[in-house]
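Asks: Everything in the sequence shown is counted per our numbering, starting at 432 for the first residue and increasing by one.
Cβ atoms here follow ideal geometry from the backbone N, Cα and C, with glycine treated the same way.
The structure displayed is predicted, hence computed values, not measured ones.
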Amino acid sequence: MNNSAFNLAREKSEKITSALRDISVLIGERNEQSVTLETGVSIIPGLGCSGDANILVQRANEIEQGIFNVLVLGEFKNGKSTLLNAMLGEEILPSDFLPCTAIITKIVHGNSDEVAIYKSGQDYPDIFSMKDFNEYFKLRDEDEENIAQAGYVERFSKIEYAQIERHNRLCNNGVILIDSPGLKEDAARTKMAHNFLKQSQAIIFVLRADKLLGEDEKEFFECYFQPGQVNNVFIVVSFIDRAKEQGQETVDKVKRRTKNFFEDYYIDREGDFDRDFYDRRVFFVNALGALEVRTRIADKAVLNSSGVLELEEELEKFLASPEKVTATFDSTVELLSLIVSNSREQINQEKLTLDQPLNKLEERRKQAEEQLLELEKDKRDIEQTIFFYRDKIKEKLLDDLIGYTQEIKDTW
432 MNNSAFNLAR EKSEKITSAL RDISVLIGER NEQSVTLETG VSIIPGLGCS GDANILVQRA
492 NEIEQGIFNV LVLGEFKNGK STLLNAMLGE EILPSDFLPC TAIITKIVHG NSDEVAIYKS
552 GQDYPDIFSM KDFNEYFKLR DEDEENIAQA GYVERFSKIE YAQIERHNRL CNNGVILIDS
612 PGLKEDAART KMAHNFLKQS QAIIFVLRAD KLLGEDEKEF FECYFQPGQV NNVFIVVSFI
672 DRAKEQGQET VDKVKRRTKN FFEDYYIDRE GDFDRDFYDR RVFFVNALGA LEVRTRIADK
732 AVLNSSGVLE LEEELEKFLA SPEKVTATFD STVELLSLIV SNSREQINQE KLTLDQPLNK
792 LEERRKQAEE QLLELEKDKR DIEQTIFFYR DKIKEKLLDD LIGYTQEIKD TW
C-alpha cells in the first residue's frame, strides 16, 4: 500500500472510529445529563442498548490498534479446531472440547506458553499452563449431570474467552484467529458465536463433506451473508478425504453440491457467477492429514494434497492486501446497519409504550400483579403440603432406599 493510499485509509479509519463512539453514546446507557459527542453536538443520550454500544466501542478500539479478527465458524464436530491446529502446525486447541462449554478461544501473536482465561466481572485473567488448560476442560461426572439438567456446564458459565499466544505468520500484523463454539448445539453457545460474528472482519465457515450443508447451515448462511458481499468469507469443506475414500464420483458430488449453493454468493459486479473468485474462497481440505504431517508424519505428499496449503496461501494474500482494509470498513458498515436496525426497533417499541393510554398501562400492571400473587399462592400451597407430609415423604424415601439397597445386594 503506497503512502497516499495509507493516508486515505487512516483518514477513513479516524472518521469511522469517531462515528462508532458517537453512535455508542446515542444507543448506550440512559443518562439525564447532556453529553458532547466527538462531532461537537450535545445530546441527552441513551436507548439502553448497552451491549451493542460496547461492541461499537470495542470495534473502534480495534480499528485504532490495527486488530483484525478472523472467526472460524461452523457446527460442532465440523473440524474447526483441527483446521486451526493444522494451519498453526501444532495441536494447540483440543479437538474434543465439550459440546456445551460455550468457550471462545483467541489465538494472538506472542511467545507465552500459558493460556489466559478471561471471565466476566474479573479485571485480570486466570492463567493456566497448556496442560492444565486441556485438563480443566475435560468432561467430569458432575458436568454430565449439569448438562442434563441445565444444558450447559455451570463452572464454565462466566468464561468470556480463552487467549493463547503463538509466534505464527498467520497472526502477524494484528490478526487474531478465533475458534468459536459450534453453532446449533445450544442457545448460549450459538448466541456467543453470533456475538463474535459481529466483532469479526473475516470468516472461515467450516462445513464437512460427509454431512454437507444441513438446513441449519443453509439458513444461517442465508441469514448473515448477502450475494456479492462475501469477499471476506472463506468456505472450507473438511473431511474431503472421507469422500475420496468412496471414489471420485463422491468427491464430484460434494463439489457440485457446494457450488450449487454458493455460486449465487460469489458473483461479479454484473451479478454473474465468478469462477475465479469462487476458487479463491472455497476449499476442500483434509485438515487431520495436514496436521499429522506437520506434527508426526514426514510424508509431504499428504500435506500437498490436503488443500490446507492452498487455503493458507489465499488467506495470507488476503491479509496482506488492500482487501483486508476494505473488509474492515465493509464489516463495520454491516455491523452499524445491524445495530441501527436494532436501535430503530427499540425506538418503535418505546414509542408504542408511550402512545398507550395510562389506563391501558395500569390495566397491564394489575394483571401482572395478579399473576404474581397467584404464583405466590401456589408456592405457599406447595410449602404447606411439604410441611404437613414431610414425615411421610421421609418414610417413603427411606423405604425406597432400603429396598434399592437390598435389590443391589441380591443382584450382586
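Mind checking which residues open and close the alpha helix (DSSP H) that includes residue 750?
Replies: 739-750
Asks: Looking only at its chain, what residues have a beta carbon closer than 7 Å to the beta carbon of residue 658, apart from the 5 residues adjacent to it on each side?
Replies: Same-chain partners within the cutoff: 695, 696, 698.
Asks: Following the continuous alpha helix (DSSP H) through residue 725, name the residue where it begins and the one where it ends.
Replies: 718-726
Asks: With a Cβ-Cβ cutoff of 8 Å, do residue 749 and residue 443 count as a contact?
Replies: Not in contact: residue 749 and residue 443 (Cβ atoms no closer than 8 Å).
Asks: Residue 503 and residue 635 look like a contact to me (Cβ under 8 Å); what is the Cβ gap, rounded to whole Å?
Replies: 5 Å
Asks: Could you tell me which of 596, 627, 723, 599 sits nearest to residue 611, measuring between CA atoms?
Replies: 627
Asks: Note down the Cα distance separating residue 721 from residue 553, rounded to an integer number of angstroms.
Replies: 38 Å
Asks: If contacts are defined as beta-carbon pairs under 8 Å, then residue 609 and residue 535 qualify, I think. What distance do you get, rounded to the angstrom?
Replies: 6 Å
Asks: How about residue 453 and residue 773: are their beta carbons less than 8 Å apart?
Replies: In this structure, residue 773 does not lie closer than 8 Å to residue 453 by Cβ.
Asks: Which ranges does the alpha helix (DSSP H) cover as unbroken runs of at least 4 residues, wholly within the stretch 675-702, from first to last along the chain?
Replies: Fully contained in the stretch 675-702 are the following alpha helix (DSSP H) runs of length 4 or more, in chain order: 679-693.
Asks: Residue 544 and residue 518 - do their beta-carbons sit closer together than 8 Å?
Replies: No.
Asks: At what residues does the beta strand (DSSP E) containing residue 591 begin and finish?
Replies: 590-597
Asks: On the DSSP letters alone, give me the boundaries of the beta strand (DSSP E) that residue 537 sits inside.
Replies: 535-540
Asks: Any idea which residues DSSP pairs residue 549 with across the strands?
Replies: 592
Asks: Have a look at 686, 445, 523 and flag the residue whose alpha-carbon is nearest the alpha-carbon of residue 644.
Replies: 686
Asks: If you count every other CB in all the chains shown that lies within 10 Å of the CB of residue 717, and 16 or more means buried, which is it?
Replies: buried
Asks: From the DSSP output, in three-state form, read off residue 730 for me.
Replies: coil
Asks: Use the C-beta contact count for residue 532: other C-beta atoms within 10 angstroms, 16 or more gives buried, fewer gives exposed.
Replies: Confidence is the limiting factor: at residue 532 the pLDDT is only 48, short of 50, which leaves the residue's position unreliable, though a coordinate-based value still follows. Looking at its Cβ environment, which holds 16 or more other Cβ atoms inside 10 Å, residue 532 is buried.
Asks: With residue 494 as the anchor, note down where its beta strand (DSSP E) starts and where it stops.
Replies: No beta strand (DSSP E) contains residue 494, which is instead part of the alpha helix (DSSP H) from 481-496.
Asks: Of all the CB atoms in chain D, is at least one closer than 8 Å to the CB of residue 699?
Replies: Chain labels in this structure do not include chain D; a single protein chain is all it has.
Asks: Nearest to residue 591 by alpha carbon, out of 456, 563, 555, 479?
Replies: 555
Asks: Where residue 458 and residue 663 are concerned, what is the direct C-alpha to C-alpha distance, given to the nearest angstrom?
Replies: 28 Å
Asks: Is residue 611 helix, strand or coil when you go by DSSP?
Replies: Three-state result, residue 611: coil.
Asks: So does the stretch 733-742 actually touch the stretch 752-769, counting three or more Cβ pairs closer than 8 Å?
Replies: no
Asks: Is it right to say residue 726 is buried, meaning 16 or more other beta carbons lie within 10 angstroms of its own, or is it exposed?
Replies: exposed
Asks: Let's test the definition: count the other Cβ atoms within 10 Å of the Cβ of residue 632 and tell me whether it reaches 16, buried, or not, exposed.
Replies: buried
Asks: So which of 506, 514, 595 has the shortest CA-CA distance to residue 546?
Replies: 595
Asks: Give every residue of the same chain whose Cβ lies closer than 6 Å to the Cβ of residue 541, excluding the five residues on either side of it in the sequence, and list them in chain order.
Replies: 596
Asks: In its own chain, which residues sit with a C-beta less than 8 Å from the C-beta of residue 446, not counting the 5 before and 5 after it?
Replies: none
Asks: Under a three-way DSSP split, which group does residue 639 fall into?
Replies: strand
Asks: By how many angstroms is the C-alpha of residue 589 removed from the C-alpha of residue 715?
Replies: Approximately 36 Å between the Cα atoms of the pair.
Asks: Is residue 505 closer than 8 Å to residue 638 when the C-beta atoms are compared?
Replies: yes
Asks: Considering just the uninterrupted stretch of the beta strand (DSSP E) at residue 714, what are its terminal residues?
Replies: 713-715
Asks: Verify whether the separation of the beta carbon atoms of residue 641 and residue 600 is less than 8 Å.
Replies: no
Asks: According to the neighbour-count rule (16 or more other Cβ atoms, all chains shown, within 10 Å of its Cβ), is residue 512 buried or exposed?
Replies: buried
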